Amino acid sequence: MQKFIIRRFLNIIPTILGVSLVVFFMIHLAPGDPVTLMVGEDASLADIERIQAQYGFDQPLHIQYMRWFGNAIQGDFGMSIRQNRTVAGLILERAGATIELAFMAMFIAILISVPLGVLSAIRRGSWIDLLAMTAALISISMPRFWVGLMLLIYIGLNFDFFPLFGREASLFVGIFSLNWQDVVLGFRHLILPALALGTAATALQTRLMRSSMLEVLQQDYVRTAKAKGLSDRVVIFKHALRNAMLPVVTIVGLQFGYLLGGAVVVETVFSWPGMARLIINAVSQRDFPIVQAGTLLVAITFALINLLVDISYGFLNPKIRYD
Amino acid sequence: MKRILRNKQAVAGLVIIFIVSLTAIIAPYIVPNDPYTQNIYNRYEAPQGFGGEYILGTDNLGRCVLSRIIMGTRASLYVGVVAVSISLVIGVILGLLAGYVGGKIDELIMRFMDLILAFPAILLAIFIVAVLGPSLFNAMLAIAIVRIPQLARVTRSQVLALKEEDFVLAARSLGASHVRILVKHILINSFAPLLVIISLGMGLAIVTEAALSFLGLGTQPPTISWGRMLATARAALRTAPHVATYAGIAIVFTTLGFNLLGDGLRDVFDPRLK
Chain A
-6 MQKFIIRRFL NIIPTILGVS LVVFFMIHLA PGDPVTLMVG EDASLADIER
44 IQAQYGFDQP LHIQYMRWFG NAIQGDFGMS IRQNRTVAGL ILERAGATIE
94 LAFMAMFIAI LISVPLGVLS AIRRGSWIDL LAMTAALISI SMPRFWVGLM
144 LLIYIGLNFD FFPLFGREAS LFVGIFSLNW QDVVLGFRHL ILPALALGTA
194 ATALQTRLMR SSMLEVLQQD YVRTAKAKGL SDRVVIFKHA LRNAMLPVVT
244 IVGLQFGYLL GGAVVVETVF SWPGMARLII NAVSQRDFPI VQAGTLLVAI
294 TFALINLLVD ISYGFLNPKI RYD
Chain B
220 MKRILRNKQA VAGLVIIFIV SLTAIIAPYI VPNDPYTQNI YNRYEAPQGF
270 GGEYILGTDN LGRCVLSRII MGTRASLYVG VVAVSISLVI GVILGLLAGY
320 VGGKIDELIM RFMDLILAFP AILLAIFIVA VLGPSLFNAM LAIAIVRIPQ
370 LARVTRSQVL ALKEEDFVLA ARSLGASHVR ILVKHILINS FAPLLVIISL
420 GMGLAIVTEA ALSFLGLGTQ PPTISWGRML ATARAALRTA PHVATYAGIA
470 IVFTTLGFNL LGDGLRDVFD PRLK
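Chains as they are written, first to last, in our numbering: chain A, -6 to 316; chain B, 220 to 493.
As structure tokens, then:
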């Protein structure tokens, strides 16, 4: 197991290298020179050369890449072109809000999808099953940001409990510091964006939980357990559920990556002060260091989550051996 | 074909797709009002229902919401068809190459596909549009690129499964060229799984286009797009909730059609997954 974890860990290094190459070189395909953007069209040649030297733009590309990547793995993503601040500082300030949003969305998704999927499977063909599957199909077809808009219009505007925009306190920080006022405030701001972000994940996981449960319920060991005279409850929760959860765990990992990506659009709807607005603003201002760093970090997080999923597999299912 | 028509989901999907496609084709003839005409005295008119002049009300510039939604079907379907076609052509060619040639080429292509999959799709699409500049074509290209790996993977696995089949070996022993074998024997038999992915891919493409346009990175004015309608509606959720509601329902309805068809086809072609 230890060997597997180490090997799997080493495996993500090429991914990170590849991702960093894509992020770095794609930016250089972009039309428009960042230096001209910084100093304006009618800057003197001397000014341009000074800026180029300051940011290292006068070096050959592969040197620029090595310098950029070398700094990046030490957490230094350079300076923002438009704001006189470090990229790392700007991202650090925002990352917490995005991660909190993605976690809450996943929490809601699991909370709804696992029981609903199990219920649909054991009551296959009932009206609950039909309703859940129809709702899931429609939810998958809904753009998350539109769900956000609908929640704002039909819930946010009608109930003062839910503030419409922004974030005033961190739910997680509130929980850890036992500051109940912050917990409530954080929760009120977080719940609608998290619901919007989590719709597609909820729907997909419900469907998967159902089909996985249906498959497990047909297995011999489940029949044996039933034949032994165990109650349905024991069979379902002690024998079937644990194995039926396996595919769901994979999808939770994958979905988490998509949640981080989808957060970009949902955050825009709710003016959530996360990475999204930072990246989107940087895109429109052509502030490339921020776009590079943001994309790279999300991709690395995505890779790390998939790593965790692979490892957790071994703990959930002892049948899987790694060697 | 008969089996497809017996699948309720697939038929429901086909009916929705037919309605939406027909709407797109005859859009200019069925719009109740000119979708581009502005009338600032009629801003944010509430929906008036059937019989009224503006059945679904008006938007921030006093334009007829229903007419704009009807015209918007064109952009959505156009983006979906073009993006899916680009990803289909590139993905299938890469998949055929990887599976048929194998070895180093296979390794190289599949590693590159893994690289694309290392990014969350919507983020990569935003990144690509950011680099190339916001425009309709670049948005379609970005949507296509993020969809390529799945098509390449499915095609490759089909090739691997089929290339040792007797009928392929027979064709080869008869002296058929590689291209002929790939197209006439392997590709044709890979049709079913590809069709599922194409259908689901259309739904994803339409949602992604809406998201990019919502962020201002997709369709540019004056082209009418549902995503952009939602972006302008966001500024007036309280005064004009109808704009955001109906434009979104149009997206959901269209996407639902493609998802129903995709799910239905998958059940028909591969009953094990049901």
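Glycine included, every Cβ here is placed at the ideal spot set by N, Cα and C. Computed from a predicted structure; not experimentally measured.
- The beta carbon of residue 107/A sits closer than 6 Å to the beta carbons of 202 from its chain, once the five residues preceding and following it are set aside; these are given in chain order.
- Among the CB atoms of chain B, one or more fall inside 7 Å of the CB of residue 254/A.
- Distances from the alpha-carbon of residue 86/A to those of 295/A, 272/A, 302/A and 281/A put 272/A closest.
- Partner residues in a beta bridge of residue 256/B, as assigned by DSSP, do not exist.
- Contiguous alpha helix (DSSP H) elements confined to the region 174 to 257 of chain A occur at 213 to 220, taking only those with 4 or more residues.
- Not flagged as an interface residue toward chain B: residue 263/A, since no C-beta distance is shorter than 7 Å.
- DSSP places residue 99/A inside the alpha helix (DSSP H), whose first and last residues are 80 to 115.
- In the same chain as residue 375/B, and ignoring 5 residues on each side of it, the C-beta atoms closer than 6 Å to its own belong to 314, 317 and 318, in chain order.
- If you look at residue 227/B, you'll find it in the alpha helix (DSSP H) that goes 227 to 249.
- When C-beta atoms of the region 402 to 422 of chain B are compared with those of the region 333 to 342 of chain B, fewer than three pairs fall below 8 Å, so the two segments do not count as touching.
- Apart from sequence neighbours up to five positions away, the residues of its chain that approach residue 156/A with a beta-carbon distance below 7 Å are 181 and 182, ordered along the chain.
- For residue 17/A, the enclosing alpha helix (DSSP H) covers residues -5 to 20.
- Rounded to the nearest angstrom, the Cβ distance from residue 337/B to residue 269/A is 20 Å, too far for a contact under 8 Å.
- Secondary structure at residue 448/B: helix, using DSSP grouped into helix, strand and coil.
- In this structure, residue 421/B and residue 303/B form a Cβ contact; the two beta carbons are roughly 6 Å apart against a cut-off of 8 Å.
- Spanning the alpha carbons of residue 200/A and residue 110/A requires a straight line of approximately 6 Å.
- Here residue 277/B is bridged, per DSSP, to 283/B.
- DSSP, reduced to helix, strand and coil, places residue 135/A outside both helices and strands of the structure shown, so it counts as coil.
- Separation of the CB atoms of residue 305/B and residue 363/B is rounded to 4 Å, and the pair is thereby assigned contact status at 8 Å.
- Counting only the Cα atoms, residue 122/A lies some 24 Å from residue 468/B.
- One thing to note: residue 480/B has its Cβ no nearer than 7 Å to the Cβ of residue 285/B.
- Contact between the region 432 to 449 of chain B and the region 288 to 296 of chain B is present, with at least three C-beta pairs closer than 8 Å.
- A straight line joining the alpha-carbon of residue 266/B with that of residue 378/B spans about 54 Å.
- Boundaries of the alpha helix (DSSP H) around residue 481/B: 460 to 488.
- Taking the Cα positions, residue 83/A is about 16 Å away from residue 260/A.
- Remark: C-beta atoms of residue 289/A and residue 13/A approach each other more closely than 7 Å.
- Taking a beta-carbon distance threshold of 7 Å, residue 386/B does not count as an interface residue toward chain A.
- The Cβ atoms of residue 408/B and residue 434/B lie no closer than 7 Å to each other.
- If you draw a straight line from the Cα of residue 135/A to the Cα of residue 230/B, it comes to about 20 Å.
- Going by beta carbons, residue 198/A and residue 102/A fall inside the 7 Å limit.
- The beta carbon of residue 337/B falls within 7 Å of a beta carbon belonging to chain A, placing the residue at that interface.
- At the C-beta level, residue 276/B and residue 461/B come within 7 Å of one another.
- Across the region 129 to 147 of chain A, CB contacts with chain B closer than 9 Å involve 130, 131, 133, 134, 135, 136, 137, 138, 139, 140, 142, 143, 145, 146 and 147, in sequence order along the chain.
- Residue 143/A is not bridged by DSSP to any residue.
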